[in-house]
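**Q**
Numbering (the numbering used here), first residue to last: 2 to 111.
#1: May I ask you to list the residues that DSSP assigns as paired with residue 141?
#2: Could you check what DSSP says for residue 108 in three-state terms: helix, strand or coil?
#3: Curious, which full-length beta strand (DSSP E) runs of at least 3 residues does the stretch 39–85 contain?
#4: Taking residue 95 and residue 11 to be in contact with their CB atoms under 8 Å, please state how far apart those CB atoms are, rounded to whole angstroms.
#5: Is the separation between the beta-carbon of residue 103 and that of residue 77 shorter than 8 Å?
#6: Could you pull the start and end residues of the beta strand (DSSP E) that residue 11 belongs to?
#7: So is residue 46 buried or exposed if we call it buried at 16+ other beta carbons inside 10 Å?
#8: Let me make sure I understand the geometry here. Which of 41, 14 and 31 has the alpha-carbon closest to that of residue 63?
#9: From residue 72 to residue 41, what does the alpha carbon distance come to, in whole angstroms?
#10: By how many angstroms is the C-alpha of residue 37 removed from the C-alpha of residue 108?
#11: Do residue 58 and residue 81 have their C-beta atoms closer together than 8 Å?
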């Protein structure tokens, strides 16, 4: 399926445990904003930051998209997993051809 060039904003909802994340991806330079804070301010642990970036790294898009994310519920680990799930789902809106890579890595599974 072809890329949706007309759409400039891509949406994905992610869930893990009690956490729910709403992710909006736009073409950009790799900024990730979570609840109006940068990823470094929101997640203190480096492992949580790595979890959040995994879907973007898997498709070599870590510097191609900006993400604006709202996440609530649960703890930080659950929130990081929910954000990862939401980013993966939003990437499917960008291009359906990302599905095999994301599915094999397990990022589309709740």
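Glycine residues also receive a C-beta, built at the ideal position from the N, C-alpha and C atoms.
**A** So, from the listed chains and residues:
#1: One cannot answer for residue 141 here, as it falls past the ends of the chain, which runs 2 to 111.
#2: Taking the first residue of the chain shown as position 1, residue 108 is located at position 107. Coil.
#3: 66–73
#4: For the purposes of this step, residue 95 is taken as the residue at position 94 of the chain shown. For the purposes of this step, residue 11 is taken as the residue at position 10 of the chain shown. That belief holds up - the Cβ atoms of residue 95 and residue 11 are roughly 5 Å apart, short of 8 Å.
#5: The residue given as residue 103 occupies position 102 in the chain shown. The residue given as residue 77 occupies position 76 in the chain shown. No, they are not a contact pair.
#6: Taking the chain shown and counting its residues from 1, one reaches residue 11 at position 10. Looking at the DSSP string, the run of the beta strand (DSSP E) that includes residue 11 is 11–17.
#7: Your numbering for residue 46 matches position 45 in the chain shown. With fewer than 16 other Cβ atoms within 10 Å, it is exposed.
#8: If you number the chain shown from 1, residue 63 lands on position 62. Taking only the C-alpha atoms, the option nearest residue 63 is 31.
#9: By 1-based counting over the chain shown, the position of residue 72 is 71. By 1-based counting over the chain shown, the position of residue 41 is 40. Each residue's Cα considered, the two are about 15 Å apart.
#10: Against the chain shown, residue 108 aligns to sequence position 107. Against the chain shown, residue 37 aligns to sequence position 36. Going by the C-alpha atoms only, they are around 24 Å apart.
#11: Here residue 58 refers to the residue found at position 57 when the chain shown is read from its first residue. Here residue 81 refers to the residue found at position 80 when the chain shown is read from its first residue. Contact: no.
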